[in-house]
Amino acid sequence: MLELVVSPSEFVDGIVIAISPIAVSIGPASVRWFGIAVALGLAAGLLVAARLGRGQGLTEGDVYACALGGIMAGAVGARLTHVVDKLDYYLQNPYFVLSPSHVSMSSLGALVFGSVAVAFVARRRGVPGSTALDVGVPAFLVGQIVGRLGSLLNGESWGSPSSLPWAITYLSPDAMLPPGRLGMPTHPYPVYEALWTTAALGIALLLSRRWHVRGGLAAVALLLYAAGRLYLGQFREEGAWLFGLQQAQVLAAVVVLLCVPWIVYLAATPPQARDRPGAARASRGQVL
């Protein structure tokens, strides 16, 4: 259950999450709320992709082919990025790399690998890669918002210790927390990220209504999302990976550095060269 508690100290511990992250157990097998959230996130993302794809003039075949490529590459990239982040551990325990009991992944790794795959599949089908990203990136972000709610219940993506009124405290021994964090108030990092992602996607969609340039929606959404991940990293309890930054912050910084010149390029493109939404099918001879 979820309940509010007040500690004996002057501070409010905030929200206590006592619910088990395991939704269903059948013998030795179990289904976590996180897995359910991921499934719902994928479904929501596909619905968003289908709707945006129609607006961009893409066929269902285009949308689902790009989605399949993005999901497969994203899953591989997400796992690979996580393994690289925790390389010392996996070098000592290589059998856990593909173990079903160790399924932690990197959402930024999924975004980077998935985006490359979506653009590649789109080009193979004669669809501008930037058009496919205008569909795929918002779909990914919607799925990420839903998935982070699962992370909240699962106890993963935990934040650093906090005494703020909205700090969360996990009580279930099945929560995926490091030693010593059970029963300790921490920043609700999954909530921070879900709220930021929602705001970033909303702003990007609003801007896309006035800025009708192919790739503009994807570029702005990626920039805002990555900038948020770079900032929010300070509320995570992760070790430094490079230049004193967490791995997620490094990847986010790379995405920001790629998106800024991309947006500048799009903004500098003459208006007559811009593609109107829905013109993708007509412009298949000019794949970008």
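With the working numbering applied, the sequence shown corresponds to residues 149 to 436, in that order.
Just so it is clear, CB atoms sit at the ideal spot from N, CA and C, and this is done for glycine as well.
The DSSP-derived three-state label of A171 is strand. Secondary structure note for T229: its alpha helix (DSSP H) is the uninterrupted segment E208 to D233. For S263 and E341, the gap between their C-alpha atoms comes out near 20 angstroms. Taking C-beta separations shorter than 7 angstroms and ignoring five residues to either side along the sequence, the partners of L325 in its chain run G303, W306 and Y318, following chain order. Taking every protein chain shown into account, the CB of S247 has fewer than 16 other CB atoms within 10 angstroms, so this residue is exposed. In terms of Cα proximity to P321, the closest of I163, G162 and I167 is I167. Counting the other Cβ atoms within 10 Å of the Cβ of F261 gives 16 or more, which makes it buried. DSSP, reduced to helix, strand and coil, places P176 outside both helices and strands of the structure shown, so it counts as coil. Shown here, R273 sits in coil according to DSSP, grouped into three states, outside any helix or strand. Per the coordinates, the alpha-carbon of E386 lies some 15 angstroms from the alpha-carbon of S310. Burial is judged here by how many other beta carbons sit within 10 angstroms of a residue's own beta carbon; Y379 has fewer than 16 and is exposed. Distance from the CA atom of A348 to the CA atom of W389, rounded to whole angstroms, is 26 angstroms.
Three or more pairs of CB atoms, one per stretch, sit closer than 8 angstroms, so the stretch 349 to 361 contacts the stretch 284 to 294. Straight-line spacing of the CA atoms in V245 and M332 works out to 29 angstroms.
In the structure shown, T317 adopts extended strand secondary structure according to DSSP, grouped into three states. Judged by pairs of C-beta atoms under 8 angstroms, the stretch 222 to 229 does not touch the stretch 185 to 192, as fewer than three such pairs exist. Residue pairing by DSSP places P309 opposite T334 in a beta bridge. F391 counts as exposed, since fewer than 16 other beta carbons sit within 10 angstroms of its beta carbon. Its Cα nearest to that of W410, the residue G364 stands out among G222, G364, W314 and P242.
Only exposed fits V412, as fewer than 16 other CB atoms lie within 10 angstroms of its CB. When rounded, the separation of the alpha-carbon atoms in A280 and K234 is 32 angstroms.
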